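Asker:
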């Protein structure tokens, strides 16, 4: 089936929202639907759109996987509560962190997070929730990337190894599938989501587990979470495509109070990019770089060294893991 | 025994050279002396000074430890040959690289290099050379640092566990012991050494083994040697205290020709400092940083990521190992 693209330029966001809401209502009828909200722009737009269409016949889950940024689950749930959308917070922190234990290979780490989400936590909600409709924030770029073999298909049923029709008569609804990211941002803004959501920086699926080289233990996730909070505070307002703090596994020699300290290194990346396909380092002012380094070594326990990524994509990738 | 400091300001280099040469001649008489040349400013000054005093009664060794910079042994030997000073090149590459095999801890790595030099290679030359006088480039700062417990004593006999007087009647001569680095540079210049020597950037005793995080294998030494050559070419003329390329042990995700490449990361450090006790990152222009990164990823096999150190000393140290 070929999908008819709607470009951001030709998009009429209000009309699109009305059409999609009507279509969701027509499909779901008087049934119930569920969806998972991550706080990113795609799932946030789907949540608002489906809530507008279905009201309390939509059940939205936010899965706390233990590898989120500081205060993220509470912030997202509160933000949607303010918009009149109830979100159920699912505490799955131990399931994810246990699944990540002992894994150091980047691809295995990503796989562990994906599997725990789809086959585990959200899979259970899908199977036992009673709803027959599942809303997903798939966009056209995801479809392209799946076709090109770049990114794995994130269709929940494929992930849990189930033919949805046969097994449950489940119907998947993907209201954003004709749009690309820029179109979704327009729709999200028109849906009344704040700029902090519709203009949100990309954040990886494996979350902070992608920001730790080597094993993503509870302790190391806590360190990189602290570093990320400092980074997001210091770089707020910087017109970059994406920035991130990465905790290295390598230990490096440092000194504190005249004593040797064999400590951690944090790498900062701040990318300029149009579409994430190629990227160059953002030219942060030295003053910012030095203040950032000073805060990271003084506020994140055991950090003695801070670097800034100066390579391009390719041959680097945006994320280190 | 307290040592009378001669500051750079009060130093009369020509007079100092004449006095020390006379003193060396008086001490050595018609005997022979040996010394080890590393190509650094201290051992280069001692070599020139002692050669001026003793002529062909001085035997100077350059130990190739396999962890030198590109072309370094040949360059140093040729440079001294041009100055009329014969230097014997000792090929000890396998001894050092074998001693480093399997060692990942920074302190153990430094210890392996020191022990191989003093107890091994140079120890043999001292024991079997027949000379009764040994010239060393110890300077006043080394003495201070030993007293303060910062740096280990590098006296060759202590290192090989021998009381020199009892064992061989060996006499150690340290003609630079009243000077600090700035004074040594003046003496080295007055001795006719080229600026490339007397104004040379500091380089660590464990050489490129200090520029590799984790095991310093032959292959990884070769990688960081290539990176160092590029760095020294690109940054020649930059008025920094010291710069270096460091090969990390962490592997990072990258891509080349649209395929994933799990590759290496090189960290660049370029320090501003007066005396190495504290240091700040040199504000290299972005153009330089980006050209450096571009060359490192294209010319050093398997490198997909390059970072620049933005922290200060403390809590970082100058070197990473």
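Protein chains in written order, with the working numbering: chain D, 20 to 340; chain Y, 20 to 340.
Just so it is clear, CB atoms sit at the ideal spot from N, CA and C, and this is done for glycine as well.
It should be emphasised that the depicted structure is a prediction, and the values quoted were computed from it without experimental measurement.
(1) What residues of chain D sit near residue 95 of chain Y, judged by a beta carbon separation below 7 Å?
(2) Please say whether residue 267 of chain Y and residue 124 of chain D have beta carbons closer to each other than 7 Å?
(3) Quick one: does residue 275 of chain Y have its CB under 7 Å from some CB of chain D?
(4) So if DSSP puts residue 287 of chain Y in a beta bridge, which residue, or which two residues, is it bridged to?
(5) Within this structure, are the beta carbons of residue 315 of chain D and residue 246 of chain D separated by less than 7 Å?
(6) At what residues does the alpha helix (DSSP H) containing residue 239 of chain D begin and finish?
(7) Once the 5 residues before and after residue 70 of chain Y are set aside, which same chain residues still bring their CB inside 6 Å of it?
(8) According to DSSP, simplified to helix, strand and coil, what is residue 80 of chain D?
(9) From the DSSP output, read off the bridge partner residues of residue 273 of chain Y.
(10) Which residues of chain D have a Cβ atom closer than 7 Å to the Cβ of residue 308 of chain Y, listed in chain order?
(11) Determine the direct distance from the alpha carbon of residue 201 of chain D to that of residue 279 of chain Y, and round the result to whole angstroms.
(12) In this structure, does DSSP put residue 29 of chain Y in helix, strand or coil?
(13) How many angstroms separate the CA atom of residue 122 of chain Y from the CA atom of residue 194 of chain Y?
(14) Tell me which residues share the same chain as residue 312 of chain D and place their Cβ nearer than 7 Å to its Cβ, disregarding the 5 neighbours each side in the sequence.
(15) Where does residue 320 of chain D fall in DSSP's three states?
(16) For the alpha helix (DSSP H) that residue 69 of chain Y lies in, which residues bound it at each end?
(17) Run the CB neighbour count on residue 22 of chain Y, radius 10 Å, all protein chains shown included, and call it buried at 16 or more, exposed below.
(18) What in chain D is Cβ-close to residue 92 of chain Y, meaning under 8 Å?
(19) Nearest chain Y C-beta to residue 292 of chain D closer than 7 Å, yes or no?
(20) Beta-carbon separation of residue 72 of chain Y and residue 43 of chain Y under 7 Å?
(21) For residue 254 of chain Y, which residues of its own chain have a beta-carbon under 7 Å away from its beta-carbon, when the five flanking residues on both sides are left out?
(22) Check the Cβ-Cβ distances between residue 302 of chain Y and every residue of chain D, and say whether any is below 7 Å.
(23) Is the Cβ of residue 325 of chain D closer than 7 Å to any Cβ of chain Y?
(24) Tell me where the alpha helix (DSSP H) around residue 207 of chain D begins and ends.
(25) Would residue 160 of chain Y count as contacting chain D if we go by Cβ distances under 7 Å?
(26) May I ask you to report which of helix, strand or coil DSSP gives residue 222 of chain D?
(27) Could you give the distance in angstroms between the alpha-carbon of residue 102 of chain D and the alpha-carbon of residue 302 of chain Y?
(28) Going straight from the alpha carbon of residue 331 of chain Y to that of residue 132 of chain Y, what length do you get?
(29) Would a C-beta distance cut-off of 7 Å place residue 335 of chain D and residue 142 of chain Y closer than the cut-off?
(30) Go ahead and pull the three-state DSSP assignment for residue 157 of chain Y.
Answerer: Considering the structure as presented:
(1) Within the second chain, numbered from 1, the residue matching residue 95 of chain Y stands at position 76. Proximity of chain D to residue 95 of chain Y at the Cβ level (cut-off 7 Å) is not reached, the minimal Cβ distance being about 28 Å.
(2) Indexing the first chain from 1 puts residue 124 of chain D at position 105. Indexing the second chain from 1 puts residue 267 of chain Y at position 248. No, the Cβ-Cβ distance between residue 124 of chain D and residue 267 of chain Y is not below 7 Å.
(3) Along the second chain, one-based indexing puts residue 275 of chain Y at 256. Closer than 7 Å to some Cβ of chain D, the Cβ of residue 275 of chain Y qualifies, so yes.
(4) Numbered from its first residue, the second chain carries residue 287 of chain Y at position 268. Residue 287 of chain Y pairs with Y:264, Y:327.
(5) Along the first chain, read from residue 1 onward, the residue named residue 315 of chain D stands at position 296. Along the first chain, read from residue 1 onward, the residue named residue 246 of chain D stands at position 227. Their beta carbons are under 7 Å apart, which means residue 315 of chain D touches residue 246 of chain D by this criterion.
(6) The count along the first chain starts at 1 and reaches residue 239 of chain D at position 220. Start and end: 237–254.
(7) Position 51 of the second chain holds residue 70 of chain Y. Around residue 70 of chain Y: 77, 104.
(8) The residue labelled residue 80 of chain D in the question sits at position 61 within the first chain. DSSP, read as helix, strand or coil, puts residue 80 of chain D in strand.
(9) Taking the second chain and counting its residues from 1, the one referred to as residue 273 of chain Y is at position 254. Answer is D:335, Y:280.
(10) Within the second chain, numbered from 1, the residue matching residue 308 of chain Y stands at position 289. For residue 308 of chain Y, the neighbours in chain D by C-beta distance under 7 Å run, in chain order, 329.
(11) Working through the second chain from its first residue, we reach residue 279 of chain Y at position 260. Working through the first chain from its first residue, we reach residue 201 of chain D at position 182. Cα to Cα, residue 279 of chain Y sits roughly 27 Å from residue 201 of chain D.
(12) Looking up residue 29 of chain Y in the second chain gives position 10. Here residue 29 of chain Y sits in coil by DSSP.
(13) Position 103 of the second chain, counted from the start, is the residue given in the question as residue 122 of chain Y. Position 175 of the second chain, counted from the start, is the residue given in the question as residue 194 of chain Y. Straight-line measurement puts the Cα of residue 194 of chain Y at about 36 Å from the Cα of residue 122 of chain Y.
(14) Translated into positions along the first chain, residue 312 of chain D becomes position 293. Closer than 7 Å at the Cβ level, and outside the excluded window around residue 312 of chain D, lie 325.
(15) Indexing the first chain from 1 puts residue 320 of chain D at position 301. If DSSP states are grouped into helix, strand and coil, residue 320 of chain D belongs with coil.
(16) As a working mapping, residue 69 of chain Y is identified with position 50 in the second chain. Residue 69 of chain Y -> alpha helix (DSSP H) spans 60–73.
(17) As a working mapping, residue 22 of chain Y is identified with position 3 in the second chain. Residue 22 of chain Y comes out exposed.
(18) Taking the second chain and counting its residues from 1, the one referred to as residue 92 of chain Y is at position 73. Here the premise fails: no neighbours, minimum Cβ distance about 27 Å.
(19) By 1-based counting over the first chain, the position of residue 292 of chain D is 273. No, residue 292 of chain D does not count as interfacial toward chain Y.
(20) What you label residue 72 of chain Y is simply residue 53 of the second chain in a count that begins at 1. What you label residue 43 of chain Y is simply residue 24 of the second chain in a count that begins at 1. Yes; because the gap between Cβ atoms is below 7 Å, this pair is in contact.
(21) Within the second chain, numbered from 1, the residue matching residue 254 of chain Y stands at position 235. Taking C-beta separations shorter than 7 Å and ignoring five residues to either side along the sequence, the partners of residue 254 of chain Y in its chain run 262, 289, following chain order.
(22) Counting from one through the second chain, the residue named residue 302 of chain Y turns up at place 283. By this cut-off, residue 302 of chain Y is an interface position.
(23) Residue 325 of chain D sits at position 306 when you count from the first residue of the first chain. Output row for residue 325 of chain D: interface = yes.
(24) For this step, residue 207 of chain D is matched to residue 188 along the first chain. 200–209 is the extent of the alpha helix (DSSP H) around residue 207 of chain D.
(25) Working through the second chain from its first residue, we reach residue 160 of chain Y at position 141. Interface flag for residue 160 of chain Y against chain D is unset, since no Cβ pair is found closer than 7 Å.
(26) As a working mapping, residue 222 of chain D is identified with position 203 in the first chain. Residue 222 of chain D falls in the coil class under three-state DSSP.
(27) On the first chain, residue 102 of chain D is found 83 positions in, with the first residue counted as 1. On the second chain, residue 302 of chain Y is found 283 positions in, with the first residue counted as 1. Taking the Cα positions, residue 102 of chain D is about 46 Å away from residue 302 of chain Y.
(28) Position 312 of the second chain, counting from 1, holds the residue named residue 331 of chain Y. Position 113 of the second chain, counting from 1, holds the residue named residue 132 of chain Y. As the crow flies, the alpha-carbon of residue 331 of chain Y is around 27 Å from that of residue 132 of chain Y.
(29) Translated into the one-based positions of the first chain, residue 335 of chain D becomes position 316. Translated into the one-based positions of the second chain, residue 142 of chain Y becomes position 123. Against a cut-off of 7 Å, the Cβ pair of residue 142 of chain Y and residue 335 of chain D comes out as no contact.
(30) Position 138 of the second chain, counted from the first residue, corresponds to residue 157 of chain Y. Coil at residue 157 of chain Y, not helix or strand.
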